[in-house]
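All remarks here apply to the structure that follows.
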């Protein structure tokens, strides 16, 4: 169970205890709040995240207005672990890129595995523009893509800090995914070839046809051994539980053992360029 889910379960248990202390069953509380009974059940069992307004209404209905502050604090702590992209990007793409820049500056060893797109630290401006534009369009958030691209390019200066180490894993599917026009993808692959020569950067490509030790469901980033970021279609999840971080590190190491590096990686990238058609 993830840290996010554990915290949501804990919040639900606390709300259920408040309801029971008030002598109410779930249906009675739902009637007081004007909610369907299923909403009360889902919140109490950790299957739905309440809003701050939900918490205030709940506390009032069970005669515990004094609990609102503590409940809201729990919710805000929960939301730091699971943040929707619509919320993350509500002020545009630039603030989220700035947050990445700050996190990368504080990290000594950065590992990243991507299954669908080139990692942001390795993207060309043109490729980054198409990726960020797609995200803005999907989530209907403010369009400041040029600013987001500018900060993403600024982030890449960290690659030349020799006090830091980077290990990137990319599935070969990433090299063929048409998230941009073919001409842009060619430029991106050329950029990856050049980056394989950096002494503090390990770039591994996981080829088609290898037998994977686990289903590769999504990409993830590990910063030192203290935090993992997981991007889903709808949200970004922050993992800080030590056992869960070790699981991601174990998965990363297993995948890294299947990747090709150096000359073999450059050969694979070059072959992809030859195969790439408009």
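Numbering (full-length UniProt numbering), first residue to last: 1 to 278. Even glycine gets a Cβ: it sits at the ideal position worked out from N, Cα and C.
So, does the region 108 to 115 touch the region 216 to 228, judging by three or more C-beta pairs under 8 Å?
yes
Residue 65 to residue 54 span [Cα, whole Å]:
12 Å
What three-state label does DSSP hand residue 248 in the structure shown?
helix
If distances are taken between C-alpha atoms only, which option among 150, 231 and 264 comes closest to residue 83?
231
Assuming residue 228 is part of the beta strand (DSSP E), what are its boundary residues?
227 to 231
Considering only the beta carbon of each residue, do residue 203 and residue 196 sit closer than 8 Å?
yes
Output the boundary residues of the beta strand (DSSP E) element that contains residue 84.
82 to 84
Are the CB atoms of residue 115 and residue 176 within a distance shorter than 8 Å?
no
Within the same chain, show all residues whose beta-carbon is closer than 8 Å to that of residue 174, passing over the 5 residues directly before and after it, in chain order.
114, 115, 116, 117 and 118
Taking the DSSP output, what are the residues bridged to residue 104?
In DSSP, residue 104 forms no bridge with anything.
The alpha helix (DSSP H) that contains residue 183, what's its start and end?
182 to 195
Euclidean distance between Cα positions of residue 247 and residue 28:
42 Å
Just the C-alpha distance for residue 209 and residue 268, rounded to the nearest angstrom, thanks.
13 Å
On the criterion of 16 or more Cβ atoms from any shown chain inside 10 Å, does residue 214 qualify as buried, or is it exposed?
exposed
Do residue 149 and residue 128 have their CB atoms nearer than 8 Å?
yes
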